Structures are given as structure tokens and as C-alpha cells.
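**Q** Heads up, the sequence shown is in our numbering, so the first residue is 1 and it goes up one at a time.
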Amino acid sequence: MPEPRTDRDNQRLKRLGVLLLLALVIAAAVSSVIASDEDLDSNTSWLGQDADSHPELGNVPDAFDPSRGMASNLDDSPEQARSSEPEGYAGFQQVFHPDERERVTPTTSFPASAIAQIEMYRNGSLVGTCTGTFVGPNAVLTAGHCLYMENTGWADAVAVVPGRDGSTEPYGYQWASSAWAPQEWIDSQDAFWDWGILKMPDSSLGNTVGWFEMGVLQTSSLNASNFNPVIAGYPGEKAFGTQWMGIKSSFSNVTSAHLYYMIDTSSGQSGAAVWRGNDSVIVGIHMGTVSNSNIGTRINSGLLDDIVTGCAQLGCQLSYFVENGSPEPTATPTPVPTSTPAPTATPTPTPTMTATPVPTSTPVPAATPTPAPTVTATPVPTSTPAPAATPTPVPTVPLDPDPTPTPDPDTPHAPADSEPTPEPPGQPGDIEPIGSVHYEETWRRTDAPIVDGHISRTWMWGPAPFTAVISEPYVESPGGERAVQYFDKTRMEITDPSADSDSIWYVTNGLLARELITGERQLGHTAFQQYPPAEINVAGDGDDPDGPTYASFNSVMGANPLAVGETITHTIHRNGVVTNSPERAAYGVTADYHVPETGHIVAGPFWEFMNSTGPVYENDTLISGNLFQNPFYATGLPLTEAYWATVRINGEPRAVLIQVFERRILTYAPENPPGWQVEAGNVGIHYFLWRYVMEPDLP
Numbered sequence: 001m002p003e004p005r006t007d008r009d010n011q012r013l014k015r016l017g018v019l020l021l022l023a024l025v026i027a028a029a030v031s032s033v034i035a036s037d038e039d040l041d042s043n044t045s046w047l048g049q050d051a052d053s054h055p056e057l058g059n060v061p062d063a064f065d066p067s068r069g070m071a072s073n074l075d076d077s078p079e080q081a082r083s084s085e086p087e088g089y090a091g092f093q094q095v096f097h098p099d100e101r102e103r104v105t106p107t108t109s110f111p112a113s114a115i116a117q118i119e120m121y122r123n124g125s126l127v128g129t130c131t132g133t134f135v136g137p138n139a140v141l142t143a144g145h146c147l148y149m150e151n152t153g154w155a156d157a158v159a160v161v162p163g164r165d166g167s168t169e170p171y172g173y174q175w176a177s178s179a180w181a182p183q184e185w186i187d188s189q190d191a192f193w194d195w196g197i198l199k200m201p202d203s204s205l206g207n208t209v210g211w212f213e214m215g216v217l218q219t220s221s222l223n224a225s226n227f228n229p230v231i232a233g234y235p236g237e238k239a240f241g242t243q244w245m246g247i248k249s250s251f252s253n254v255t256s257a258h259l260y261y262m263i264d265t266s267s268g269q270s271g272a273a274v275w276r277g278n279d280s281v282i283v284g285i286h287m288g289t290v291s292n293s294n295i296g297t298r299i300n301s302g303l304l305d306d307i308v309t310g311c312a313q314l315g316c317q318l319s320y321f322v323e324n325g326s327p328e329p330t331a332t333p334t335p336v337p338t339s340t341p342a343p344t345a346t347p348t349p350t351p352t353m354t355a356t357p358v359p360t361s362t363p364v365p366a367a368t369p370t371p372a373p374t375v376t377a378t379p380v381p382t383s384t385p386a387p388a389a390t391p392t393p394v395p396t397v398p399l400d401p402d403p404t405p406t407p408d409p410d411t412p413h414a415p416a417d418s419e420p421t422p423e424p425p426g427q428p429g430d431i432e433p434i435g436s437v438h439y440e441e442t443w444r445r446t447d448a449p450i451v452d453g454h455i456s457r458t459w460m461w462g463p464a465p466f467t468a469v470i471s472e473p474y475v476e477s478p479g480g481e482r483a484v485q486y487f488d489k490t491r492m493e494i495t496d497p498s499a500d501s502d503s504i505w506y507v508t509n510g511l512l513a514r515e516l517i518t519g520e521r522q523l524g525h526t527a528f529q530q531y532p533p534a535e536i537n538v539a540g541d542g543d544d545p546d547g548p549t550y551a552s553f554n555s556v557m558g559a560n561p562l563a564v565g566e567t568i569t570h571t572i573h574r575n576g577v578v579t580n581s582p583e584r585a586a587y588g589v590t591a592d593y594h595v596p597e598t599g600h601i602v603a604g605p606f607w608e609f610m611n612s613t614g615p616v617y618e619n620d621t622l623i624s625g626n627l628f629q630n631p632f633y634a635t636g637l638p639l640t641e642a643y644w645a646t647v648r649i650n651g652e653p654r655a656v657l658i659q660v661f662e663r664r665i666l667t668y669a670p671e672n673p674p675g676w677q678v679e680a681g682n683v684g685i686h687y688f689l690w691r692y693v694m695e696p697d698l699p
């Protein structure tokens, strides 16, 4: 039995170690050390040759805590006939091209036989499909939104089709008799709790197809380089009813509550199990995508406890174990503000306003598609001692080829003979609610349409802040302090609370990019404190030793601008040196718009983006309007010309155009899919690391 949680409410207030949006950061940073998958035989290694198709069943207690979840009786003998593939069936891709999934056929041996396509019906109509996995003779694990949706309630009937192979159903199907979902999913539709259980009417089907065993594993086991995590299910963009699987040699990252992986998935695979390749032990439940990493909810002791409680209420049987009998402490994240997800495959045609879906998705359930950045990334934080009252400049290029190991960034340290530096006010890795109604309105205008699946484009802020609202010194603000909150892409701030709150300038995002490349930390309208420019990569893999940093752009702020219409061929290097690369002319990118205030020219792709239109929310109404009410609202004015650079993305060198503005970094990657060729850099993360971790300076 899993250890009971004695104080679940307090546990749910604990901060999650990795922010859903920032998961990409770690995934990108460690991608270069993940073992190659080329040596995996995907036709055999994923099948779990050592797996038992009927593992031992765990004890399910008679008692249950009704506050933990809610059950619903389903119609297990509906009058309506099962529907075939719904018209307009579509799936939003969340794959990392090239798509490495392979079709599983035949599906008549375990574990493929125990993976089921789930069909959800309401009012006699097929409204969507998901993936489910037998975890006992009469229990199927799947996604919460496949069972219950806030706007429609519980599904009327759910058909379970194990081992489906296109038009072939080798084991037939059954209508589930009841369903259970966590109370947190019922109440908040929070993505972390997007899972549930189906109880079958009897054990005949499960005894035929077999079932998986769930395992609460130690982090050290999950981090094994040969763990071979596998996901198999029924993706919506493939031929209807066909089962597909993907495998990697290891996870990209493991936290106490989540698993991150580069396994290809797409809508229709919501609720699919994440399992170990050699023995088919389920260790997670696939939930969606964050940045350029897919994500699953880790089965820790708390989550297993909930599953066992739900099964006790339904009267189903489960197979599970706890490694070493002493699992690591469970961690439950603060809910991410998201909109209600939709079933993974619905017959409703895609709205005309919605852009063509492209690879990867948002940090919400797999049903809510939003591609993620493939250029912007977060560096591995490198903590350095906090500066003295008068900062001492540091070299912009490390002199020691074998430096002392970097301290843990979660434990910033102070110089000798000084008091220990307090912990930063939050961490890249936490999830916090948006702390101001004005911040909420500003965020919602451009980023809520991404969360809601109406558009596929770069985030302007991020899916959620990673700090609470905190105070930072600013001379002109009341009491010399202003309220700020950090997002992935920037920082929101209210400098003058008495100003006109209806103005778009009431909430601003700081001149963070300017501070990062100059080292001039702004403490008031005309008050600055000098620090070294940030040695943090502006784009690509955080551990790329050759890509440009913010400090690289310091020396080109005063460079002569190109002529309007001139083709951009200049390349900037990490040391700040600019060379001409005539081959870049093939991309056809020109300098398009002269900004007299700074004398620089905005590159064509960026000027087009800054003046683009698309779905935005105005007073809670989705309209098609200008992405920015003022072209320079989000970015500020350009501080440099646009330069090409060679940066590593997932370890591969790519040509990327970069331009520094006062508030943002914009990148243009010609090889990216539409909607994601222009991206906003993770300036909010980078600035936070520079200010609070690498150069601690707490208010």
C-alpha cells in the first residue's frame, strides 16, 4: 500500500521544482547528454520481453475517502450503436520532427493488447477518443478530460477497445460501467490532475488482454540512461484506430511530480501510460507538452494513493508496487492557470480562426494543442558569488578551462565573510498564480488564445509566472518599491499604481534585455547600478559553448545601421565579433523599418511580427486584432541591428537571426514551422537568473 497522505492540503501548496513552461529549459540543457536512440531496436525493446502480462494484484482497501475524488455510473449497455470515425476528426501534432513513432501491428500480444482506444459518447454521439491502459483485470487508466469536462459533465457512455488495429478489433470491446476522477480535476480542471479510472463491468476482457503494473520508482531508477521510456496509443492524426508507439533511451528530466521526454505524441494519446521498456512498469500518465518537451504526471506515492482510493470506491482491482518500500516524498504542484481542455479528438470542425497546427504543444493537457519554442531555451544556471557593494567586474570569457563545479543554483551562496544570501523570491521551476487583475488582463490578451488552442504562435509572456508578486527597488514608485512578477519571457511591473489603469502602459514589461546586455541595472528613471553584462546564451541550448550571449551584443549597440531594404548577411559570434556571411543572403531577409529614436533598423520578419494580427481576447471576447496595440509595446525600441548567429538547438547547429530590443530578444529561425519562425526569447528567465542566482541582489 502507498503511504497515506496525512496533510494533503499543505502538500499541494509546496512549490513544484520545475516550472511547466521551464521544463523545456532543463530538457534543452540536458539534451546533449541523453544517450543516442539509434541503437534501440524499436520493434523488440519496447515490447517488454520480461514483462508479466498478468502481474500480481495489489491490495485495494474497502474504505475510501470521498473527498479524494468523484465517481459516476456510466451506461454499460447503451441503446445507441458505436460510431465509426467522426467527420472532421483531426489531431494537433506534438511531435519533434522527424516523427519517430512506429505503428504497432499486429496488436495481439502483450503489452500492445492491453492498450485501448477510448471512445467517449454524449447524447448518443461520439465526441472524442483517448488512450487507456489496463492496470488490472477490470481497471483502465486514462485522462480525466476523457471522462469529465466542466462544461459538459461526465460522459454518458465510454467504450473501451483494447488492442485495436485500424478496422480490426481482435478482442472486441466493452462499455465501461463507471468512472472516477480526482476531486481536483472536477473542481479546477487543473492539468496536473488530468487523469482518471474506468471500471469495466467484469474481468473477462482484462483477463484476456492482460494488464500493466504501476510502480512508484525512486528518482535514481527513473534517471537511468537505459530506462527506455515508452508511450503507445492512438494518435488522432494517424489512420483512425491505429496504434503507434514511441521510445527514447531515457527521460529528459525527472522531478518529484513530472516526467519530461522527447517521445513523439499527439492528440488522441491523452491518458496514455508512460512505461519502462524492459518490464512494462507504468511510471507516469502522459498529459501534454511544455515548450519543446512532452510531459507526463509522475506516479508518486501520493498519486498512487489517489488511484487506489478511486479503485476502492469503484470496486476495481489494481496491480502496483512501491520500489524499496520507501518512495520519495510526493510533491503536488500549484495549479497552472489554464482554460478547460477539450477532448483529444472531437468531430467539431476546427474554427476558421485557428492556425494550422504545428509540432508540440502547451503545458496543459494533451487535448489543448499549442506548439512550443524550438529556438529559445533556458541556460543551466551558473551561480557565482554575489557582488560586493561596489561590484567588481568579472571576465566575460572564463579563464579556467576546468573550473570548480558549479554550486546548486537552488542554494545561492554569498562571498566569504558575509551573511548567507537569502533564497531568491521564487525559482525558475515554480508555478505561481498571476497575482494581479491587471497582470491577468495583460497576459490574457495575447497568451490565453494559445492556451485555449485558438492559435499556434510564440508566447509573449508564458503560460504562468514562476514567482509571486514581489517588490523591487524603484525610486519613483511609492515607498521606493514597485510590484513585479516574473514570467518566462519577461517581467510584468506596475511602476505607478495611481496612473490610468486603462492605459496599455499601466502594466509594462521591464527593459530587461537592455539591462542584460549593458549590465546597467535600473533602480529608477535615472538611477542605475553597474554590473557585468550577462554571460547567458540568448537562444538555443543553454550549454552551447559557441552561441552568442547577452554580453556578445554589448559591443554592437553603436554599430552603423544597414540601409532600408538591404539584405542581412552579417553574423555575430560569441566574442562579439561580427563577420560577413554572404551565404545568409539565400534566406532573403532584409532590414525593413528605420527607428529614428535609436537609429537601428528592424529586420523584416520581426517588423512583420510586431504588426501582425490574430486571435486576441478583448474584454473576454475572442476577436481577430493586432497582436500588439503598439508595435513596440512588448519589445521596446531596437538596441542593435539584426545579426545571424549559429546556435545549437537540441545539439544541432542552426542558423538563427537575432535582434536585441529594449525589452525583448526576438529570434527568427527559417527552418521552424509557420507561427514559430519568430519567437520571443526567455528574457524573463535569463534576467531572473542573472539578478538573483548568478549575481544575487535581493531587495
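In this text, a Cβ means the ideal position worked out from N, Cα and C, and glycines have one as well. Nothing here was measured: the structure is a model prediction, and the numbers come from that model.
Between Thr495 and the rest of its own chain, which residues show a CB-CB distance below 8 angstroms, the 5 nearest in sequence each way excluded?
**A** Around Thr495: Tyr474, Glu476, Ser477, Arg482 and Thr508.
**Q** For the segment 288-302 and the segment 152-166, state whether three or more C-beta atom pairs, one from each stretch, are separated by less than 8 angstroms.
**A** They do not touch, by the three-pair rule.
**Q** Return helix, strand or coil for Ser624, following the three-state DSSP convention.
**A** Ser624: strand per DSSP, three-state reduction.
**Q** Just checking my contact of Phe661 with Gly636 at CB under 8 angstroms: how many whole Å lie between their CB atoms?
**A** Contact flag correct, Cβ pair sits at about 5 angstroms.
**Q** Is the beta carbon of Thr458 closer than 9 angstroms to that of Glu679?
**A** It is a contact, given that the beta carbons lie within the stated cut-off.
**Q** Buried or exposed: Thr219, going by 16 or more other Cβ atoms within 10 Å of its Cβ?
**A** Thr219 is exposed by the Cβ-count criterion.
**Q** For the segment 593-680, which segments carrying the alpha helix (DSSP H) assignment without a break, of at least 4 residues, lie completely within its bounds, in sequence order?
**A** Within the segment 593-680, the complete alpha helix (DSSP H) runs of at least 4 residues are 604-610.
**Q** Helix, strand or coil: how does DSSP classify Asn324 here?
**A** Asn324: helix per DSSP, three-state reduction.
**Q** Specify, as a first and last residue, the run of the beta strand (DSSP E) that Val161 falls within.
**A** From DSSP, the beta strand (DSSP E) with Val161 extends over Ala157 to Pro162.
**Q** Looking at the secondary structure, which residues open and close the beta strand (DSSP E) in which Leu141 lies?
**A** Here the beta strand (DSSP E) through Leu141 covers Ala139 to Thr142.
**Q** Beta-carbon within less than 7 angstroms of Leu314's beta-carbon, same chain only, minus the 5 sequence neighbours each way: which residues are those?
**A** Answer for Leu314: Ala71, Ser178, Trp180, Ile197 and Lys199, listed in chain order.
**Q** Just mark Arg103 as buried or exposed, buried being the case when its beta carbon has 16 or more other beta carbons within 10 Å.
**A** Flag for Arg103 reads exposed.
**Q** Are the segment 229-247 and the segment 204-215 touching, with three or more C-beta to C-beta distances below 8 angstroms?
**A** Output reads no: the segment 204-215 does not touch the segment 229-247.
**Q** Pull up the distance between the alpha-carbon of Thr131 and that of Gln80, whole angstroms please.
**A** Near 22 angstroms, if we compare the C-alpha coordinates of Gln80 and Thr131.
**Q** Buried or exposed for Pro674, going by 16 or more other Cβ atoms inside 10 Å?
**A** That one is exposed.
**Q** Return the bridge partner residues of Asp165 from the DSSP annotation.
**A** Asp165 is bridged to Thr168.
**Q** Between Ala273 and Val578, what straight-line distance do the alpha-carbon atoms span, to the nearest angstrom?
**A** One C-alpha to the other measures close to 49 angstroms.
**Q** Could you tell me how far apart the beta carbons of Ser250 and Ala224 are, in whole angstroms, since I believe they sit closer than 8 angstroms?
**A** That pair is a contact at about 7 angstroms.
**Q** Residues in its own chain within less than 7 angstroms of Val60 by CB, not counting five upstream and five downstream?
**A** Hits under 7 angstroms: Val308, Cys311, Ala312, Gln317 and Leu318.
**Q** Measure from the alpha carbon of Val451 to the alpha carbon of each residue in Val616, Thr526, Pro596 and Ala591, then state which is nearest.
**A** Out of Val616, Thr526, Pro596 and Ala591, Val616 has the C-alpha closest to the C-alpha of Val451.
**Q** Compare the C-alpha of Val135 against each of Met149, Glu119 and Ser113 and name the closest.
**A** When only C-alpha atoms are compared, the closest one is Ser113.
**Q** Which same chain residues, not among the five before or five after Glu566, have their C-beta less than 7 angstroms away from its C-beta?
**A** Within the same chain, Glu566 has close Cβ partners Thr590 and Ala591.
**Q** From Arg164 to Thr105, what distance separates their C-alpha atoms?
**A** Computed Cα separation, rounded: 9 angstroms.
**Q** Straight-line CA distance for Arg491 to Leu657?
**A** Looking at the two C-alpha atoms, the distance is approximately 23 angstroms.
**Q** Rounded to whole angstroms, what's the CA-CA distance from Asp502 to Tyr633? Just pull it up for me.
**A** Approximately 15 angstroms, taken between the alpha carbons.
**Q** What first and last residue would you give for the beta strand (DSSP E) that runs through Cys311?
**A** That residue, Cys311, is in no beta strand (DSSP E); its alpha helix (DSSP H) goes Ser301 to Leu314.
**Q** Assuming the contact rule is C-beta atoms closer than 8 angstroms, Asn650 and Asp541 should be a hit. Round their C-beta distance to whole Å, please.
**A** Rounded, the Cβ-Cβ distance is 7 angstroms, consistent with contact.
**Q** How many Å lie between Pro631 and Met610 at the Cα?
**A** Going by the C-alpha atoms only, they are around 5 angstroms apart.
**Q** Could you check where the alpha helix (DSSP H) with Val437 kicks off and where it finishes?
**A** Its alpha helix (DSSP H) spans residues Val437 to Val451.
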